[in-house]
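Chains as they are written, first to last, in my numbering: chain A, 1 to 304; chain B, 1 to 831.
Inspection log for the structure reproduced underneath, given as structure tokens.
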Amino acid sequence: MLLEEVEYVRPTNLEDALAVLADVDGAAPLAGGQSLVNVLKNRVASVDLLVDISRLAELRTIKRTPGGGLDVGACVTYDELDRSPLVRESHFTLGEVAAHIEDQQIRNKGTIGGNCCLSDPTNNLPPILVALDAVMNLRSTSARRSVQAAEFFKGYFATALESGELLVSVTVPPMPARSGAGYASLLVAADAKAMARAAAWIQLGTGGLTITSARVALARVANVPVRDAGVEARLVGAEASDAAVRDACSVAAEGLRPIDDVHGSSHYRLEMARVMAHRAVMQAVDQATAGRNGSESARRGGRA
Amino acid sequence: MTITKGPGTEQAIRTWSGRSIPRKEDARLVKGQGSFVDDGGVQGQGFAWFVRSPHAHARIVSIDCAPALEMEGVYAVLTGEEARQQCETPFFAIAPPPGSLMAEWPLAVGKVRYQGDAVAVVLAESRETARDAAERVFVEYEPLPAVVDTVAAADPTTPLLYDDAGTNVVWRGVFDYGDVDWALENADHVVKIDRLHFHRFTSAPLECNGAVVDYDLGTGVVNVMSNYQMPMFASMVIGPTIGVPINKFNFVTKDIGGAFGIKIGFFAQIAALALLSKKAGRAVKWTEYRTEHMLTAGHGNERTFLDIEVPVMSDGTILGVKVRAFDDAGAYLHYEPLGAVIWSQVVPGCYKLKHVRVDYTEVVTNKCPTVPNRGYSRMQHLWMIERIIDIVAKELRLDPVDVRKTNYVQPEDYPYRTPNDCVYDSGDLPRSLDIALELAHAEEWRARQRELGTGSGRRIGIGIGSTLDSGTNNFGQSRIINPDLPFSGNGEAAIVKLDLFGEVNVNIGTTPQGQGHETTAAQVTADILGIAPDMVTVSTGFNQANNSYVGFSGTYASQFAVSGLGAVMGAAEKLRHQIVKLAAYALRAAEEEIDVSDGFARVRGDENRAIPFIGLANMVYANNAGLPAELLSEVDLNARYVYVPPFEVPDPVTKTGNLTLTYASQVHVCVVEVDEETGEVTLLEYAAVDDCGRRINPMIVEGQVHGATGLGIAAALYESLDYDASGQLQQPSFYEYHAATALDIPHVDCGSIESASPFTPNGAKGMGEGGGAPLHAVCSAIQDAVGGDGPVVADSHNHWARVHELLHRDPTASRGVAVTSREGPPRVAQS
């Protein structure tokens with residue numbers, strides 16, 4: 001493995017885990033290990049004590065909230081999200097995003113909590129959770145608090161988590177009737193890293209095709225998913241037509257300057273952010289008009 | 001299957017070859033019972049970790065090993081300077097001066113020349129300790145300007161990598177065949193292409209490099225258990241440097257998890273490990289990790305083609321090509337500048353180009369050394385030729401299928417002599433193309449493309465890649481680089497032995513990495529000895545102690561079916577001859593009366609007079625009293641044979657001669673859909689038609705076609721190795737370098753024809769490298785999608801941003817191509 005020497009402990013309940021995290025300097029939670037272990041192997045970060053939370057039953061459940069939302073334990077794996085009938089029934093797009101994270105072996109191990117807490121800008125789940133207006137539930141030995149997903153991601157490898165705090169679950173609000181979600185990525189290759197990515201949620205009015213509410217999150221234009229207020233403002237009140245949505249998304253990522261790298265220039269990425277925003281919103285429109293968000297139309301909506 | 005017995009069965013039993021029998025290797029490999037280099041080890045071994053430079057180019061001011069040596073569990077540290085002091089000479093140079101002055105030692109001496117260059121190597125009781133200790137070897141560097149641009153490297157004002165050489169140019173040569181000036185003067189059109197660029201990538205073998213090196217201080221034998229794919233080349237390069245004669249090396253390989261030529265590159269590491277083992281007095285185990293592999297194990301050759309001029313007649317006949325080529329060898333000459341001649345195995349590509357001038361310059365830069373990579377050096381040139389064909393078609397508004405068929409070497413032309421006297425042995429390119437077009441439903445897609453028109457946001461592109469997979473090198477071509485080199489011809493050795501209880505054993509000098517040698521060697525042996533392949537045991541990998549090797553032994557350059565199986569067949573025939581002789585004596589019959597089948601030697605027509613193999617073996621090995629001395633002198637049941645292909649030494653002055661024995665061909669056709677908004681390319685259809693002569697095991701051939709296709713598609717669309725201006729590799733791990741997975745590679749429809757080679761023992765041709773056909777075909781399809789008025793697809797790697805740029809380039813900007821046409825009526829080409 002070539003890790004630096006590191007201690008390991010596997011608490012049997014959440015309280016013990018929180019206690020260790022609070023008490024030991026240099027302790028870090030280990031869930032699926034699909035990111036953290038690579039980070040440690042590359043010696044980008046250093047940890048003294050790995051606190052294995054991956055088998056804590058209380059972090060591994062997917063529950064329906066009273067209003068029809070989801071409460072997803074932090075150690076639920078991508079594969080479990082993908083295969084959960086509960087998730088697919090009410091939040092099809094979330095399952096679909098999880099189904100396309102890297103490969104099956106990684107999906108068997110990687111967790112929603114790990115994906116969020118690493119806050120790597122290429123990670124798949126943060127933008128969809130921001131678009132769905134999810135709430136991140138944090139605990140420490142002494143306190144509980146909840147943070148909106150849009151406020152949780154603070155920067156490259158940085159989140160709102162404070163020392164001794166653990167992400168225990170993610171609450172995803174219900175999807176009302178005539179609402180839909182969409183997710184579009186420009187990938188380097190199949191199920192690989194994204195160069196540009198957008199996640200969208202829209203609400204259509206009761207009659208007609210007018211968008212009454214919208215959330216659009218862009219990834220890869222900054223170090224964290226960005227809610228695009230400019231696009232959202234243009235979408236609200238607009239007709240959910242391809243032309244109107246394209247027009248609204250033409251201002252996406254204004255003022256932002258994405259990175260330049262071997263996969264594409266900053267200028268290209270900016271243009272792609274607009275293309276992805278348009279595609280994600282149109283997927284959301286399809287889903288909203290199809291009447292149920294677990295429909296086949298979402299599946300046709302393109303590569304997640 | 002049933003083996004027919006009885007008189008006249010000579011024909012009937014020769015039937016195992018040509019069948020897709022299951023691979024003998026697979027049972028152990030799929031059950032996790034394979035044995036790879038990292039599975040091995042030696043009592044008391046330490047673990048090695050290389051200390052590598054973070055700088056692309058820097059002077060080494062000082063190295064402080066003390067903090068590492070103070071750590072518990074650290075056995076030794078070897079620095080570059082210390083290693084050099086133990087060496088008698090730098091590694092053997094293939095190049096004449098100035099390339100020969102670009103000296104390489106086991107570890108960097110004086111300066112580092114690329115990011116990852118090894119300055120020292122640490123030995124410790126565990127891998128983890130070795131790695132930790134390597135971080136406590138403190139190296140002070142004085143950074144120097146990095147040279148990363150291939151063409152600029154040749155400029156005399158550019159900083160030098162090697163002060164002693166006085167230049168960054170390793171080797172330069174003009175390959176001038178026919179009369180290209182005449183052709184350019186007399187052609188109806190001259191198509192001028194500014195620049196084509198073939199990018200850097202790797203085959204990314206699943207298993208990285210590794211070795212267990214044990215320098216036995218008692219006997220002086222250096223045991224090297226590794227996954228190195230050309231062991232005798234390594235011993236010839238390393239031996240004189242570290243002062244070890246060939247017979248004091250014992251190279252062994254076992255299962256190898258992919259090599260692709262990349263595993264010819266790490267002889268310097270083996271040399272350093274041998275010196276480390278000698279210093280520490282214990283065995284050394286080294287397992288390379290992925291980032292180390294990506295940074296240092298070797299990349300494929302990057303080549304830039306400038307000022308391409310193509311004389312074309314109005315009927316589409318292409319007369320030739322004139323071009324300046326700049327090849328980037330990276331920081332050290334690990335196998336280079338052999339690539340500077342190896343491309344000339346395929347000077348005219350698949351076409352009857354008569355007038356070719358290539359002004360070829362190879363340079364060093366501050367990048368990872370290049371090493372042979374599947375399709376080595378020919379692929380780059382063939383890609384350029386295929387780009388030319390499509391660009392000519394596009395600019396002159398000709399059908400790319402017609403241009404190919406007009407210019408292809410035709411079936412009746414074989415054996416076809418190229419302008420530089422290489423001999424293409426056999427083939428049928430027009431038919432291969434027809435089959436590929438049909439398999440890919442090209443006509444339907446062409447109609448679909450027209451229907452789609454403009455405005456849908458999507459475009460269809462149909463592409464063709466015709467290529468050659470030249471196999472069984474004439475190493476005499478190295479003399480075109482350096483007339484003083486003592487190399488020519490080629491060869492491989494095999495031993496086929498009847499063992500004590502009548503078992504049949506085969507040892508070969510090859511190092512299979514997935515090519516199924518155990519199976520195909522068993523097939524040809526079974527045919528000759530009249531037994532089933534199950535009754536033949538083929539040793540896994542290479543073992544110097546077997547004595548089944550020559551200087552060229554190994555697995556590389558598409559040659560096993562010819563040289564490897566040629567050796568096995570020769571040895572099996574020799575053994576069969578001995579069996580017949582021995583049986584004739586035992587059965588009191590004439591040799592002409594003996595049949596060998598089903599594990600018995602029999603007297604034809606007399607069922608009662610037969611002796612099993614065990615009986616024959618017993619007579620020689622354990623029951624030989626009274627046997628005639630004359631018989632024993634001819635029969636030892638241990639037959640060694642060296643296959644040597646028929647070659648002459650090429651002429652280094654005219655740069656002509658037959659450089660390769662066989663030319664397998666591949667024609668690929670693919671259909672892509674391009675997303676106009678993003679530049680994203682999706683493969684809709686893919687067909688590959690392979691012609692490698694007579695196939696010993698069609699399933700294994702098809703497997704290799706699939707592999708080469710995956711590799712080429714990946715390189716064309718996903719995989720690239722790029723350096724920034726300071727010489728930092730931008731894709732040092734799989735996080736940045738997307739090694740293609742099964743999800744990226746479409747279904748491949750395989751077709752085949754078998755144009756038997758007249759030059760080989762079995763009609764087969766070497767294959768497996770594939771000649772880069774997918775790079776040609778995918779670029780061709782993207783070009784087709786970009787359209788006739790669009791710019792030239794000038795790079796072999798086309799990620800989405802690049803395709804997007806091609807689709808949306810300002811129409812007033814350069815398209816990268818120009819055509820000048822003669823005045824007057826069109827003329828017909830002279831033959």
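Built from N, CA and C at the ideal position, the CB exists for glycine as well.
Predicted, not measured: the structure shown is a model, and the values here were computed from it.
List, in order along the chain, the chain B residues whose C-beta lies closer than 8 angstroms to that of residue i?
i      : result
G207/A : Simply none; closest approach about 31 angstroms.
A190/A : T741, L743 and D744
Which same chain residues end up closer than 7 angstroms to residue i when comparing Cβ atoms and leaving out the 5 residues on each side of it in sequence?
i      : result
D260/A : S266
N223/A : P121, G155 and Y156
W850/B : In this structure chain B extends from 1 to 831, so residue 850/B is not present and cannot be described.
G68/A  : S90 and P174
D784/B : G461, I462 and G463
A158/A : S119
Taking the beta strand (DSSP E) that residue i belongs to, which residues open and close that run?
i      : result
D216/B : Careful: D216/B lies outside any beta strand (DSSP E) and carries neither H nor E.
I713/B : No beta strand (DSSP E) holds I713/B; the alpha helix (DSSP H) holding it covers P698 to L717.
V568/B : Unbroken run through V568/B is the alpha helix (DSSP H), L565 to A586; no beta strand (DSSP E).
I462/B : R458 to N473
I63/B  : A58 to D64
Y78/A  : Y78/A -> not in any beta strand (DSSP E); alpha helix (DSSP H) instead, spanning Y78 to R83.
CB-CB under 6 angstroms to residue i, same chain, minus the five flanking residues each way: which ones, in chain order?
i      : result
Q269/B : none
M71/B  : A133
G766/B : G471, T472, S558, Q559, A561, V562 and T662
Would you mind telling me which residues of chain A sit closer than 8 angstroms to residue i, beta carbon to beta carbon, in chain order?
i      : result
D722/B : V262
Quick one: is residue i near chain B, going by C-beta distance under 9 angstroms?
i      : result
K193/A : yes
L129/A : no
Y183/A : no
V135/A : no
S250/A : no
S265/A : yes
N42/A  : yes
L218/A : no
V281/A : no
G301/A : At G301/A the pLDDT is 39, less than 50, meaning the model places this residue with poor confidence; the figure from the coordinates comes in the next sentence. No - not a single Cβ of chain B is within 9 angstroms of the one on G301/A.
N115/A : no
G294/A : In this prediction, G294/A has a pLDDT of 48, which is less than 50 and means its spatial position is unreliable; what the coordinates show is noted afterwards. Cβ-Cβ to chain B under 9 angstroms: no for G294/A.
Y8/A   : no
With a threshold of 9 angstroms between beta-carbons, can residue i be considered close to chain A, or not?
i      : result
T202/B : no
R459/B : no
Y269/B : This sequence places Gln at residue 269/B; Tyr is not what is there. Output row for Q269/B: interface = no.
W800/B : yes
Y718/B : yes
T291/B : yes
S733/B : yes
R52/B  : no
H706/B : no
Q730/B : yes
Report the neighbours of residue i on chain B: residues whose CB is nearer than 7 angstroms to its CB, in chain order.
i      : result
M272/A : T678
Just to confirm the assignment, what range does the alpha helix (DSSP H) spanning residue i have?
i      : result
K109/A : Q104 to K109
N618/B : F613 to Y621
M272/A : S266 to A290
So which residues on chain A does residue i lean against when the C-beta distance must stay under 9 angstroms?
i      : result
D847/B : Not covered by the structure: residue 847/B. The range shown for chain B is 1 to 831.
What do you reckon, is the C-beta of residue i under 8 angstroms from a heavy atom of the ligand NAP?
i      : result
A756/B : This structure does not include the ligand NAP; it has no bound ligands of any sort.
Chain A contacts from the segment 181 to 213 of chain B (Cβ-Cβ distance under 8 angstroms): Going along the segment 181 to 213 of chain B in chain order, one finds no residue with a Cβ nearer than 8 angstroms to chain A.
Near-chain B residues of the segment 77 to 91 of chain A (beta-carbon distance less than 8 angstroms), N- to C-terminal order: Under the 8 angstroms Cβ criterion, the segment 77 to 91 of chain A contributes no residue.
Proximal residues, the segment 107 to 128 of chain B versus chain A, C-beta separation under 9 angstroms: R127 and E128
Positions along the segment 156 to 186 of chain A whose CB lies within less than 8 angstroms of some CB in chain B: L186
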